[in-house]
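Heads up, the sequence shown is in the UniProt record's numbering, so the first residue is 1 and it goes up one at a time.
Only one structure is covered here, and it is reproduced in the block below.
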Amino acid sequence: MDDSLKGVWTSAGCTDNGDMPAPFLPEPKTYIKLTGHIKSQSTATHRKRKQRETFACQSCRQRKVRCDGTRPICRTCGRRNIACSYLEESSEGPRQDGNLQWQTPPDTTPRHVPPDRRHIVNAMGVLTAQPQPAEREGQFFGESSIAALLQGIQASSVPATPATNAAPRDSHAHHPSWSESSTQRLLGSISRFEFENCSLPPKPLADHLLNCYWDEVHVLYPFIHKETFLRGYSRLWSSEPDAHAPSTESRMGLGDTTSSPIVFHSALNAVLALGCQFSALAGEDREAKSEVFLQRSNALLRQMDLLDHGDLSLVQALLLNTHYLQSTPFADRCWNAIGLACRMAEGIGLHSTDHDDRWSYAELQIRRCVWHSCVMIEMSASMALGRPSMISSHISVPFPEAMDDTFTGALDPRVDTFFTCNMKLFYIMGDILNRIYEPRRVNRVESSSHPDPSLEVTSAIAPLDLELSSFASSLPSYLQWEISPRRANGNRQLRRQTNVLHARYLHLKILLYRPILSRLCRVDQNHNLPTSTNIDMTHPMQTEPEINLDYSYRCVNAALELVQLLGENDQASLPAWWYTVLYTFTAGIVLTLAHLRPEIIRQFTDNTLTVGWERCLTFLEHKVAHNTSSRKCAHDLRRAYHLVAAQRHQALERSVQQPDLHGPPHQDPGGDGPVDWAYGAESQEWADHFLADLLWDDVITTIPLYF
Numbered sequence: 001m002d003d004s005l006k007g008v009w010t011s012a013g014c015t016d017n018g019d020m021p022a023p024f025l026p027e028p029k030t031y032i033k034l035t036g037h038i039k040s041q042s043t044a045t046h047r048k049r050k051q052r053e054t055f056a057c058q059s060c061r062q063r064k065v066r067c068d069g070t071r072p073i074c075r076t077c078g079r080r081n082i083a084c085s086y087l088e089e090s091s092e093g094p095r096q097d098g099n100l101q102w103q104t105p106p107d108t109t110p111r112h113v114p115p116d117r118r119h120i121v122n123a124m125g126v127l128t129a130q131p132q133p134a135e136r137e138g139q140f141f142g143e144s145s146i147a148a149l150l151q152g153i154q155a156s157s158v159p160a161t162p163a164t165n166a167a168p169r170d171s172h173a174h175h176p177s178w179s180e181s182s183t184q185r186l187l188g189s190i191s192r193f194e195f196e197n198c199s200l201p202p203k204p205l206a207d208h209l210l211n212c213y214w215d216e217v218h219v220l221y222p223f224i225h226k227e228t229f230l231r232g233y234s235r236l237w238s239s240e241p242d243a244h245a246p247s248t249e250s251r252m253g254l255g256d257t258t259s260s261p262i263v264f265h266s267a268l269n270a271v272l273a274l275g276c277q278f279s280a281l282a283g284e285d286r287e288a289k290s291e292v293f294l295q296r297s298n299a300l301l302r303q304m305d306l307l308d309h310g311d312l313s314l315v316q317a318l319l320l321n322t323h324y325l326q327s328t329p330f331a332d333r334c335w336n337a338i339g340l341a342c343r344m345a346e347g348i349g350l351h352s353t354d355h356d357d358r359w360s361y362a363e364l365q366i367r368r369c370v371w372h373s374c375v376m377i378e379m380s381a382s383m384a385l386g387r388p389s390m391i392s393s394h395i396s397v398p399f400p401e402a403m404d405d406t407f408t409g410a411l412d413p414r415v416d417t418f419f420t421c422n423m424k425l426f427y428i429m430g431d432i433l434n435r436i437y438e439p440r441r442v443n444r445v446e447s448s449s450h451p452d453p454s455l456e457v458t459s460a461i462a463p464l465d466l467e468l469s470s471f472a473s474s475l476p477s478y479l480q481w482e483i484s485p486r487r488a489n490g491n492r493q494l495r496r497q498t499n500v501l502h503a504r505y506l507h508l509k510i511l512l513y514r515p516i517l518s519r520l521c522r523v524d525q526n527h528n529l530p531t532s533t534n535i536d537m538t539h540p541m542q543t544e545p546e547i548n549l550d551y552s553y554r555c556v557n558a559a560l561e562l563v564q565l566l567g568e569n570d571q572a573s574l575p576a577w578w579y580t581v582l583y584t585f586t587a588g589i590v591l592t593l594a595h596l597r598p599e600i601i602r603q604f605t606d607n608t609l610t611v612g613w614e615r616c617l618t619f620l621e622h623k624v625a626h627n628t629s630s631r632k633c634a635h636d637l638r639r640a641y642h643l644v645a646a647q648r649h650q651a652l653e654r655s656v657q658q659p660d661l662h663g664p665p666h667q668d669p670g671g672d673g674p675v676d677w678a679y680g681a682e683s684q685e686w687a688d689h690f691l692a693d694l695l696w697d698d699v700i701t702t703i704p705l706y707f
């Protein structure tokens, strides 16, 4: 651990080596039901040993190693840097241990629901109460709902209220300060949650982690309003009213006077967890410390009724939580959390422009930013897990406008410009998923009534490729990767933004062309494919094999460029490590597949493909080796390459010993013999058919086991 932070962690109740003592990580509350007498001291010692075994984590149980039961991460899993999880006590039933019965008391804690909340519409969209103006602003009902119909009738039949009798929302009437009103609400909810989850680390450490978040995360994903959030953060350390608080009530989300203190504490812990990922803490401690903050954030979220009506601050808190979950092995948690955030965002109308006049200029911009952030993370999860997106492509919300930090909390307007450019790439990604991968999924189910999906995919590639090229040429000069590196002049933030866009652009190129490369590796090779890349894609006499080969070249070229970009930049100038792992593994698999076709190998000089593959492996094993995902990807990349080599050797032996009765199968990477994916000791031993599964892009889009 960095020496400057060691004392800070020690003052937080940690040992010098960074381990959390038991008081810092409270154990689940239990009570003991006495059913008999304890016979001897040796029996009591045996029971204590059994108790420790009972509380072992799942990883230690499977490995059959000693576990100290520390939560959320035991020492064994912390040293191994692997995921640590415990079974819920309630799912295991009462624990019998001799004459002692350990039981977990039932959770009778009520969820935090504001007492004044009224449900004005039932689940079928029918009004059950007369909504107040504030309630109309907080919930959204579309034109198909009965509620919208009745509200429209009421609006047309009731005469407008004179402006002199209606108090404007942004009146200068006195509002209780956040430190007064929120503290009262917090104390009033004392029975609803445990205060351990609202405890704060020492302020120097909290400031350091918060600065890491602003410098490394917020500059790329500014979906919280920095100025408002910092006001709420400052109030946590002071009992005095905020003298700099605005005189008018704002609805900017996290940190404003209307947001729930519980939601703010949950969001703050998620921010600190993300800050840990980019902090000066030692690599072996980074995930353990961030996991502590995430557990607190989740515990506070569980105190909320997440299935009830939400607000802007709760959507932001869910986005922060989901953004961190992208760095964990918990794919389903990430998927479900972003789904809940998107539904809640639609519930408060972030997807609609019908009532934009209700909001001030700054409020409208932050609402747009939060909505597009929901789309971005949901689209990323859909791509990574190969699952369909839940957000309609017909929804159109303007991008937030570039403004100074008075409105968005950004360091300069270029942060907002980058956010808009980044979102454009995500929408192109959505087009690729819908037009390249979705038709194959549909045709797999309805193959009898649809034409060959490969023809539809091939015809869709050219316009999408043109869309990507138009995006690259329309970027501002300071974000163009051909120009920006020479103009950055030590501006790390600008260089990183440019690299993020460049890496995502190349990754989309791979996604666009990879189904063609996969098809090329599966087709029967009775066709004589050309080896020249001088192909006019618009020529009417161009054959399908020529098109397939050209698109495959482009896919491999994009993979090589992506590997070069990631290899020649330091990690501080690249996307977050979980994205770089994703990009590197994707490029490595493409280069592995490229070895299956001698036409592709001959297209590149010397050992270009092999060198590129080795760079992928080096990046995963050394540059981002502090996490479990990168090590797992490196292992599987080696496994894929060895599978190709083993099957090539076995296929060569079979071609010598047996005559070819069914025509030549796939050619080997070096062009020395055929490769049969359904044969060989290696493929029979691996029941999951690892590399063969990677060929089916409609089943696996990237690497769903990791993100």
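Yeah, the Cβ is synthetic: ideal placement off N, Cα and C, and Gly gets one too.
Quick check on residue i: buried or exposed, where buried means 16 or more other Cβ atoms within 10 Å of its Cβ?
i: residue 709; result: The requested residue 709 is not part of the displayed model; the chain covers only 1 to 707.
i: A503; result: buried
i: K509; result: buried
i: R602; result: exposed
i: W237; result: exposed
i: E599; result: buried
i: D570; result: exposed
i: R514; result: buried
i: R507; result: Residue 507 is actually His in this sequence, not Arg. It counts as buried.
i: A280; result: exposed
i: W463; result: The sequence given here has Pro at residue 463, not Trp. Classification of P463: exposed, given that the 10 Å Cβ count is below 16.
i: H595; result: buried
Taking residue i and residue j to be in contact with their CB atoms under 8 Å, please state how far apart those CB atoms are, rounded to whole angstroms.
i: M297; j: N321; result: Before going further, note that residue 297 is Ser rather than Met in the sequence given. The pair is a contact, with the Cβ atoms about 6 Å apart (cut-off 8 Å).
i: A270; j: L294; result: 7 Å
i: L520; j: L560; result: Not a contact, Cβ separation roughly 17 Å.
i: Q480; j: F418; result: Contact doesn't hold; Cβ gap of about 12 Å is too wide.
Where residue i and residue j are concerned, what is the direct C-alpha to C-alpha distance, given to the nearest angstrom?
i: T584; j: K623; result: 11 Å
i: L230; j: Y505; result: 33 Å
i: R367; j: R615; result: 42 Å
i: I547; j: N491; result: 42 Å
i: W613; j: I377; result: 29 Å
i: residue 708; j: Y437; result: In the structure as shown, the chain begins at 1 and stops at 707. Residue 708 is therefore absent and cannot be evaluated.
i: S477; j: D465; result: 21 Å
i: L200; j: F264; result: 12 Å
i: D636; j: E456; result: 32 Å
i: I391; j: S352; result: 13 Å
i: Q493; j: R639; result: 37 Å
i: N627; j: A576; result: 12 Å
i: N499; j: A56; result: 43 Å
i: V590; j: S629; result: 19 Å
i: A634; j: T586; result: 11 Å
Could you spell out where the alpha helix (DSSP H) holding residue i opens and where it closes?
i: D357; result: From DSSP, D357 is part of no alpha helix (DSSP H); its letter is neither H nor E.
i: P598; result: 598 to 603
i: G612; result: 608 to 618
i: W335; result: 331 to 347
i: I510; result: 492 to 522
i: V263; result: 261 to 277
i: N321; result: 312 to 325
i: I547; result: 544 to 567
Keeping to the same chain, check which residues put their C-beta closer than 7 Å to that of residue i; ignore five residues upstream and five downstream.
i: F223; result: Q316, L319, C369, V370, S373
i: A460; result: R435, I436
i: G232; result: W178, L254, G255, F264
For residue i, which residues from the same chain have a beta carbon less than 8 Å from its beta carbon, with the 5 sequence-adjacent residues on both sides left out?
i: L475; result: C421, L501
i: D356; result: L364
i: E467; result: I428, D431
i: D68; result: R52, C74, R75, T76
i: T300; result: Reading off the sequence shown, one finds Leu at residue 300, where the question assumed Thr. So the list reads F193, N197, C198, I262, V263, H265, S266, N269, once near-sequence residues are dropped.
Apart from the five residues just before and just after residue i, which ones in its own chain have a Cβ nearer than 6 Å to its Cβ?
i: R333; result: L325
i: E216; result: F278
i: G273; result: Note on residue identity: the sequence assigns Ala, not Gly, to residue 273. Within the same chain, A273 has close Cβ partners S290, F293, L294, Y324.
i: S382; result: S389
i: D256; result: T228, S250
i: Y641; result: T592
i: C198; result: H265
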